[in-house]
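Protein chains in written order, with my numbering: chain A, 1 to 351; chain B, 1001 to 1351; chain C, 2001 to 2351; chain D, 3001 to 3351.
Only one structure is covered here, and it is reproduced in the block below.
Protein chains: 4
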Amino acid sequence: MAMVKVGIVGGTGYTGVELLRLLLVHPAVELRAITSRKEAGQALGDFYPSLRGRTELRFCAPEQAALDECDVVFFATPHGVAMQQARALLDSGVRIVDLAADFRLRDTTEFERWYGMPHACPDLLAEAVYGLPELNRDAIRRARVVANPGCYPTTVQIGLAPLLRHGLVDCAHLIASCASGVSGAGRKAELGYLYAEASDNFKAYGVKGHRHAPEIEQELRRLAGLAQGDPGLRCLFVPHLVPMIRGMHSSLFARLTDSGRATDLQALFEGFYAGEEFVDVLPAGSAPDTRSVRGANLLRLAVHRPQPDTALVLVVQDNLTKGAAGQAVQNMNLMFGLPEHAGLQGIALLP
Amino acid sequence: MAMVKVGIVGGTGYTGVELLRLLLVHPAVELRAITSRKEAGQALGDFYPSLRGRTELRFCAPEQAALDECDVVFFATPHGVAMQQARALLDSGVRIVDLAADFRLRDTTEFERWYGMPHACPDLLAEAVYGLPELNRDAIRRARVVANPGCYPTTVQIGLAPLLRHGLVDCAHLIASCASGVSGAGRKAELGYLYAEASDNFKAYGVKGHRHAPEIEQELRRLAGLAQGDPGLRCLFVPHLVPMIRGMHSSLFARLTDSGRATDLQALFEGFYAGEEFVDVLPAGSAPDTRSVRGANLLRLAVHRPQPDTALVLVVQDNLTKGAAGQAVQNMNLMFGLPEHAGLQGIALLP
Amino acid sequence: MAMVKVGIVGGTGYTGVELLRLLLVHPAVELRAITSRKEAGQALGDFYPSLRGRTELRFCAPEQAALDECDVVFFATPHGVAMQQARALLDSGVRIVDLAADFRLRDTTEFERWYGMPHACPDLLAEAVYGLPELNRDAIRRARVVANPGCYPTTVQIGLAPLLRHGLVDCAHLIASCASGVSGAGRKAELGYLYAEASDNFKAYGVKGHRHAPEIEQELRRLAGLAQGDPGLRCLFVPHLVPMIRGMHSSLFARLTDSGRATDLQALFEGFYAGEEFVDVLPAGSAPDTRSVRGANLLRLAVHRPQPDTALVLVVQDNLTKGAAGQAVQNMNLMFGLPEHAGLQGIALLP
Amino acid sequence: MAMVKVGIVGGTGYTGVELLRLLLVHPAVELRAITSRKEAGQALGDFYPSLRGRTELRFCAPEQAALDECDVVFFATPHGVAMQQARALLDSGVRIVDLAADFRLRDTTEFERWYGMPHACPDLLAEAVYGLPELNRDAIRRARVVANPGCYPTTVQIGLAPLLRHGLVDCAHLIASCASGVSGAGRKAELGYLYAEASDNFKAYGVKGHRHAPEIEQELRRLAGLAQGDPGLRCLFVPHLVPMIRGMHSSLFARLTDSGRATDLQALFEGFYAGEEFVDVLPAGSAPDTRSVRGANLLRLAVHRPQPDTALVLVVQDNLTKGAAGQAVQNMNLMFGLPEHAGLQGIALLP
């Protein structure tokens, strides 16, 4: 394999260290630079104790990074950074995978509403490709700008896609009752995420509105063949915080239409994801646990019909891997013609 | 206060030690005996390290317990024990609080289906009172046999009662997406509940059917004024296992009827539970966390309307306290004319 | 009992909420005021979800607190606050229990070295009494200013006192290998105490020097009858951070002298702490676990002689209760002639 | 690389699944068979959810395993199994790595005392090589039978080796205060390891004697050049149980001799382990955390001199990786002339 020259902007958060864990042992990646103005000069191995001895790389200031000599740049930054730097990189022939939200929402009004800033490059947004490989593989291969999906939206889309594509459910009353490990909140020093606050506890959060809600509905509408904003599709999204480091679980509830009631859901899902290396449809009657995918770029799901007219889909992933950094690498593999699983074959860490 | 003479049958599980924690410092309780054939002779303080130095009591064999001299006997036993011993105790004038399921399901066929044994005393079952004080206080005061509710059913009933009593929701499509700490599984040496299996993990369980499902639907029907078995009420119940010791969280979804859409839900709930010492309706926009009730006989809830036609109720309790032993003590207090909060005023342990 | 009028300065940290948990249900306490400039005006029940509905009290600004009308004021503040306000309160006849370190170190040079500020009132320091009731009960009864001990020092002193008082060990080579739950770090938004950092992890910390080290040696010298600074006593103190909310464990190693080798250590410890309600000497061969004292004002220990010339003492407590707020209440009880266990009889929360 | 044909006996515990996680993606391993009489016929992917889709292999009965066609067989079995089957395998030319204790203790009397059974093949025991590569590399290369070290002994030996080899410490008073995650107890359904018992708790265990104690002293004597049983070396070993899944931490205390006091310990350790890929000596003043090696075949340590005459060495590893399965693979790599790091380059999973 030809080596892909990779740069990372940001990378001091949990998504960043997960990206580094994967890229530093990726067989076709040459990691050229990682930028952080705040940490410039610091060795990665000093910043992340897990990387000691595994790389000589140091954080460097953005202007010294020569990112324009990379083939691809990952943005593991806060929202709003990638859209500021995208055009210059593209002009230098560099492709982009943004792990933040800058290129996820098609509607700039929605973006501004949820992220509190105007969009800096609506034209690039129009060009950007939503990076969920199992549902959008061909476009990703050709993309210059890939919007890596949010973690929750990944589980909800994969879990509902077979039902929506085939018109088997009442789109107006979808429910996603989801749960995430605490790393999903990022590496931020906030009281609510302290061990003594978040441990031995469970709660819902974001009940007044969560940024992943518009992303979920946007992509579900696309799957259902509906126009954006069509009120015929609504998904009530309720996230919960679980005292675990990694892991994400979505319990998805959908009312079946008549054709849905006549469908063998197990066969439908198995067929829909046949051949997908990173989506595992469990046998009928199963319930996936998050630990079974800890650290792996893998999403497991089980489909149930607990009542004649109701489908229940249970989905798990590691929020930092298939929900973020692993999926970003999967996108990169597609963009550069590498085997889709290159660097992504590690087995989940269990127990 | 006159002292209530109390006996406990069983009590070697988590519900048992919680009951002991509460009863040993209850101002109006004289704990006379606790029976366990297996542990007979062992001091409570040796069996439960938390009780060392707090009681001289020892487990004794059932036949040596003189339970017939008690005013009330708690059964903290596996399902099926209380119904075998109830009649003899009642005949001696002893009242009963059963923390297991023997007297919860009104329909003996349902009982047999879910618990795998025929019911031993259908006539006492007919007499038994369902022990959820906030919804059934007067009957409990007079009861000879109280069926202490299941932990999940407690949260679902308290969370939905105001909506059902006033006919504000579509009863046919209720959803309860619930989560429990691991102590809910009891003190059983099973692989799935080992620390190395249950920690850093989240999963749904019981998706093929859970014993609390018929109890939930039975009592919700009662609240809605429907006949037992009426298919006009169905509640899809999906429990999840959370890596925490104690705590239970229920996210309840209900479609509002026209009158429901016209109702101020916050005012409804505040009014419904006004004066209830053990139900705390949070301000609008809140999300309760389980730790806020850790070890307290208290249930906290918040009501939301995330979509115009959907109500979302978030409910928390400590599964061992308000969800089991605390509620049992609350029932006892009612039965013996004690202040309802006697022995139940401990503040939650936070952090 | 006459009611003791109590004020609290500070109280927004974990020690504060634990103090409130105990004082709000203390049978002889009237909580008059709690001050916090930052949170002035906020209801306690809004700040601490566990206290909702349990008090009408609000944080108030210090100048509005009328602390001079209290019988006793607890300082649950950062280090350095109590010593600034102590004199004025004493002049008003108010007694003081400081949960911080202002009055722990007898030597102002040591204080300045470890806490980075000069001592504001050396004369009061000279008067202050070290508040470890089991070792200093009479002085506490009469004290105007009580220095509530550090959490680690409490375990080390109780664990070694019988050996030191009787001259049974080589004082020059004591080792305290200790471990604390994360709440010991306080309620501070620091990266290292985030759930995703502190969970599923174990490490030593403070190995270059910890503020509790001089306090430990000071008090051990006193127990051994040595002058302060005497190099004949040294205790190597190594703290570790455990992924649990509450709990503290100390493994204490001491080389036995000839007379130590000739002593029945089990009998020594049982005798030394006979009659102490809050120190529980376990039977020979035991190992105490921290959960057995969770939320209780209790210290449990076991003494071993794993090698003929070595004593090993294992000690546990809840760092927030017997290690901080519970001990402060115990001191208050002594100071005001209350039963020493008033308000401290809650049983540990297990599981 | 030529492929090594590998068999596994046992493998249904945590050491087994860790071995599978490593071997299934090892570039030079062909996994031929895994035996379990109890699970015979079951697919690995059904038994371990983390392995679903990663192997077609099934457990098979021992007699159907054709282990004699393997190059090497790993025993991930209870103690006592490997010594029964070793000779037949060796006679077929198969080499053995035993992850249990059958070949660790040189003295069969000691083995019988600690493991409660007579040794089945003392002659093979005499031939067996203790598999700690950093201290015994050459012998391992040639070995037919390798005794994979215990987890605790690995940390203690690596941590003390530089001091003992150079005669820098008082061998008669070594102390190892160690801590392990719960997976160290194995995959056994015992009450004490339930989530609700082991979580939010810390305790010492095995204080009356632990099987790793004789192994530690045996190997420390070898390092110190002392005869077996020489009372001039004693190491007091106190293990503790930490509420985490994986991870092991050892705090090692040693009194320095005069030459030890004159030695630059940091330089000593850095020099001693220079070139060792799997031992990382941290910079002076550090404290390693277990999560920094989670899932990695790596041991990190820091050496301190907290008092002029005392050395403190802090050591961490993942008990299942460098403490068990990873070290076993490292031994296999040496035995078959593979690069020592083959299959062992995964980066620790952090957070």
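Note that the Cβ used here is the ideal one computed from N, Cα and C, for glycine as well.
Closest residue to residue i among the options (Cα-Cα distance)
i                  : options                                       : result
His212 of chain A  : A:Ala224, A:Ala126, A:Val238 and A:Arg95      : A:Val238
Gly291 of chain A  : B:Arg1141, B:Leu1194 and B:Phe1202            : According to the sequence displayed, residue 291 of chain A carries Arg and not Gly. If we check each option's Cα against that of Arg291 of chain A, B:Phe1202 comes out closest.
Val182 of chain A  : A:His210, A:Met248, A:Ala128 and A:Pro351     : A:Met248
Ser36 of chain A   : A:Ala139, A:Gly53, A:Phe75 and A:Ser180       : A:Phe75
Gly1285 of chain B : B:Gly1295, B:Gln1307, B:Arg1294 and B:Val1303 : B:Val1303
Phe1103 of chain B : B:Arg1113, B:Leu1089, B:Gly1131 and B:Asp1138 : B:Gly1131
Ala2963 of chain D : D:Leu3194, D:Glu3112, D:Ala3179 and D:Leu3024 : Within the shown structure, residues of chain D are numbered from 3001 to 3351, placing residue 2963 of chain D beyond reach of any answer.
Glu1340 of chain B : B:Cys1060, B:Leu1090, B:Met1117 and B:Ile1140 : B:Ile1140
Glu1197 of chain B : D:Pro3153, D:Leu3298 and D:Ala3189            : D:Ala3189
Thr3055 of chain D : D:Val3025, D:Ala3082, D:Leu3338 and D:Pro3306 : D:Val3025
Gly2013 of chain C : C:Leu2044, C:Met2003 and C:Pro2027            : C:Leu2044
Gly1295 of chain B : B:Gly1346, B:Leu1338 and B:Met1332            : B:Gly1346
Leu2350 of chain C : B:Lys1005, B:Thr1015 and B:Val1004            : B:Thr1015
Ala1185 of chain B : B:Cys1235, B:Met1244, B:Gln1228 and B:Gly1159 : B:Met1244
Opening and closing residue of the alpha helix (DSSP H) in which residue i lies
i                  : result
Val3017 of chain D : Tyr3014 to Leu3023
Glu134 of chain A  : Pro133 to Arg142
Glu1112 of chain B : Thr1108 to Tyr1115
Leu1125 of chain B : Pro1122 to Glu1127
Glu2151 of chain C : Going by the sequence as given, residue 2151 of chain C is Cys instead of Glu. Start and end: Cys2151 to Arg2165.
Leu1334 of chain B : Gly1326 to Met1335
Host beta strand (DSSP E) of residue i (start-end)
i                  : result
Asp3200 of chain D : That residue, Asp3200 of chain D, is in no beta strand (DSSP E); it is neither H nor E in DSSP.
Leu2090 of chain C : From DSSP, Leu2090 of chain C is part of no beta strand (DSSP E) but of the alpha helix (DSSP H) over Ala2082 to Asp2091.
Val2097 of chain C : Arg2095 to Asp2098
Asp3280 of chain D : Val3279 to Val3281
Leu3194 of chain D : No beta strand (DSSP E) holds Leu3194 of chain D; DSSP gives it neither H nor E.
Glu3069 of chain D : No beta strand (DSSP E) contains Glu3069 of chain D, which DSSP labels as neither H nor E.
Pro306 of chain A  : Leu299 to Gln307
Thr1321 of chain B : Neither: Thr1321 of chain B is in no beta strand (DSSP E) and is coded neither H nor E.
Gly2041 of chain C : No beta strand (DSSP E) contains Gly2041 of chain C, which DSSP labels as neither H nor E.
Asp3169 of chain D : The residue you asked about is not Asp; residue 3169 of chain D is Val in the sequence shown. From DSSP, Val3169 of chain D is part of no beta strand (DSSP E); its letter is neither H nor E.
Where residue i falls, given that 16 or more other Cβ within 10 Å makes a residue buried
i                  : result
Asp1068 of chain B : exposed
Gly1010 of chain B : buried
Glu219 of chain A  : buried
Leu1241 of chain B : buried
Gln1330 of chain B : buried
Leu1174 of chain B : buried
Glu2134 of chain C : buried
Asp2091 of chain C : exposed
Pro2149 of chain C : buried
Leu3314 of chain D : buried
Thr109 of chain A  : exposed
Glu63 of chain A   : exposed
Discussion item. Under 8 Å, with one C-beta from each stretch per pair, do the segment 2270-2277 of chain C and the segment 1025-1039 of chain B reach the 3-pair mark?
Written reply: Contact annotation: the segment 2270-2277 of chain C does not touch the segment 1025-1039 of chain B, with fewer than three C-beta pairs closer than 8 Å.
Item to complete: Taking only runs that begin and end inside the segment 1206-1274 of chain B, name each unbroken alpha helix (DSSP H) of 4 or more residues, in chain order.
Response: Segments of the alpha helix (DSSP H) lying fully in the segment 1206-1274 of chain B: 1212-1224, 1258-1261 and 1265-1272.
Item to complete: Give a yes or no on contact between the segment 35-45 of chain A and the segment 116-132 of chain A, applying the rule of three or more CB pairs nearer than 8 Å.
Response: Proximity of the segment 35-45 of chain A to the segment 116-132 of chain A falls short of the contact definition, fewer than three beta-carbon pairs being nearer than 8 Å.
Worksheet entry | Segment contact, 8 Å Cβ cut-off, at least three pairs: the segment 6-22 of chain A with the segment 312-330 of chain A | Short answer: they touch.
Worksheet entry | Segment contact flag, the segment 3254-3261 of chain D with the segment 3162-3171 of chain D, C-beta cutoff 8 Å, min 3 pairs | A contact between stretches requires three or more CB pairs, one per stretch, nearer than 8 Å, and the segment 3254-3261 of chain D meets this requirement with the segment 3162-3171 of chain D.
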